[in-house]
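One structure is given below, encoded as structure tokens.
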Amino acid sequence: MRIRDLLVLAPIAALFVACASPTVAETQEGDDTSEGDGTDPAPAGDKTKSDTKAPAPAGASAKCPYDGPPLDVSAFATCRDGGRCIPDKAFPPEQAAQKARLAPCDGGGFCVPEKIIKAQGNALPKSCKSFASLEGRCTSTVFPDIEKQKDRLPQDACDANERCAPCFDPSGKATGACSSVSCDAPKEPFKPFQACCSSGGKSRGKCLPSASLPAEAATGLEKKECSAAADLCVPEEQLDEKFVNPKCTASSLLGQYDGVCISTCVKMDFLTQLGTAQGSCSAESFCAPCKNPLTGAATGAPGCAP
1 MRIRDLLVLA PIAALFVACA SPTVAETQEG DDTSEGDGTD PAPAGDKTKS DTKAPAPAGA
61 SAKCPYDGPP LDVSAFATCR DGGRCIPDKA FPPEQAAQKA RLAPCDGGGF CVPEKIIKAQ
121 GNALPKSCKS FASLEGRCTS TVFPDIEKQK DRLPQDACDA NERCAPCFDP SGKATGACSS
181 VSCDAPKEPF KPFQACCSSG GKSRGKCLPS ASLPAEAATG LEKKECSAAA DLCVPEEQLD
241 EKFVNPKCTA SSLLGQYDGV CISTCVKMDF LTQLGTAQGS CSAESFCAPC KNPLTGAATG
301 APGCAP
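Residue numbers for the sequence shown, in the working numbering: 1 to 306.
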């Protein structure tokens, strides 16, 4: 069960900063730009051209949103769906972490959405409605994190190679999708998701649309108190990107075993109830075995070795 895949949007603002920082004009430094050498330029789609440079157009503006003529990106190799390869040296050393989250190009460099390059980093993304009607921004699938979630994030009013990334994740943390440029910010406050898996006046889960969850994550989740027809109750700890399922030991009818602690908000069928126990887990969790006690095969429980 992997719910936290939904949270990979969180550092996206840093990605926009990384892509915006190296202007095309800056990438010319140190290259031979002399004319009349008789060399014809390679086709724009040539993957080996990721180090080719192009001058910024006259009248370029740093205004946000960008209002100057689009930067000519034809000198850069195409990549993914709507991206261009920006040379590795265009990214300063302090942006190594952000650069690592971009897709590398076959001929060198990293793939950046054309819209960002053409607007010199000040492309104001279109507003849209993400899952559960949350406010969002159209974000390119050139970003691997968005590409990974393209079947779960709605397209809404976005282009075919974009998906609507929400301004906030289910825990209320800003994803950065709505603050990718200085002239943008969320226009609506975070709308808390309905609480679920309640007992003793305390809730331990949040109701999320099943369509927004990875298929493997939805397995074992129940509707519980969720009022929306398509919602499922997700344990709150699974919404924390830093959460790691604690290791545990337990003894059941099938003998002693090692495993990981799983919230009791997750559905437990009859066989699971017979074959598992609380063990060393907290009162609100059960110890899920890492290996099937009958066959020895890996169970796939989160946090267990494959």
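Heads up, the beta-carbon is just placed ideally off N, CA and C, and yes, glycines get one too.
Jot down the residue ranges of each uninterrupted alpha helix (DSSP H) in the segment 72-114, minimum 4 residues, whole runs only, in chain order.
Within the segment 72-114, the alpha helix (DSSP H) runs of at least 4 residues that lie entirely inside it are, in chain order, 96-99.
Is the beta carbon of GLY136 less than 8 Å from the beta carbon of ALA160?
As a position in the sequence shown, residue 136 is number 136, starting the count at 1. As a position in the sequence shown, residue 160 is number 160, starting the count at 1. No. Outside cutoff.
Relative to the C-alpha of SER212, which candidate in SER133, SER280, PRO65 and THR249 has its C-alpha closest?
Residue numbering aside, residue 212 sits at position 212 when the sequence shown is read from its first letter. Measuring from the Cα of SER212, the nearest candidate turns out to be SER133.
Ordered along the chain, which non-local residues of its own chain (more than five positions away) have a Cβ less than 7 Å from that of LEU208?
Taking the first residue of the sequence shown as 1, we reach residue 208 at position 208. Taken in chain order, the residues that qualify are PRO170, PHE193, ASP231, LEU232 and VAL234.
Rounded to the nearest angstrom, how far is the Cβ of LEU253 from that of GLY275, given a contact under 8 Å?
What you label residue 253 is simply residue 253 of the sequence shown in a count that begins at 1. What you label residue 275 is simply residue 275 of the sequence shown in a count that begins at 1. The Cβ separation is near 7 Å, so the contact holds.
Quick check: the Cα distance between ALA228 and PRO189, rounded to an integer number of angstroms?
Within the sequence shown, residue 228 is the residue found at index 228, counting from 1. Within the sequence shown, residue 189 is the residue found at index 189, counting from 1. Looking at the two C-alpha atoms, the distance is approximately 21 Å.
Between the Cα of ALA250 and the Cα atoms of PRO293, GLU216 and ALA77, which residue gives the shortest distance?
For this step, residue 250 is matched to residue 250 along the sequence shown. Looking at the Cα atoms, PRO293 is the closest of the given residues.
Measuring only the C-alpha atoms, how far is CYS178 from ASP184?
If you number the sequence shown from 1, residue 178 lands on position 178. If you number the sequence shown from 1, residue 184 lands on position 184. Near 6 Å, if we compare the C-alpha coordinates of ASP184 and CYS178.
Could you pull out every residue in the same chain whose Cβ sits closer than 7 Å to the Cβ of LYS118, ignoring the five residues on either side in sequence?
Along the sequence shown, read from residue 1 onward, the residue named residue 118 stands at position 118. The answer, listed in chain order, is PRO70, LEU71 and VAL73.
Straight-line CA distance for ILE146 to GLY255?
Taking the first residue of the sequence shown as position 1, residue 146 is located at position 146. Taking the first residue of the sequence shown as position 1, residue 255 is located at position 255. Taking the CA atoms as reference points, ILE146 sits about 43 Å from GLY255.
For TYR257, write down the residues that DSSP places opposite it in a beta bridge.
Indexing the sequence shown from 1 puts residue 257 at position 257. Partner(s): ALA250.
Can you give me the C-alpha to C-alpha distance between ALA75 and GLY107, rounded to a whole angstrom?
As a first step, residue 75 is located in the sequence shown; it is residue number 75 there, counting from the start. As a first step, residue 107 is located in the sequence shown; it is residue number 107 there, counting from the start. Roughly 14 Å between the two C-alpha positions.
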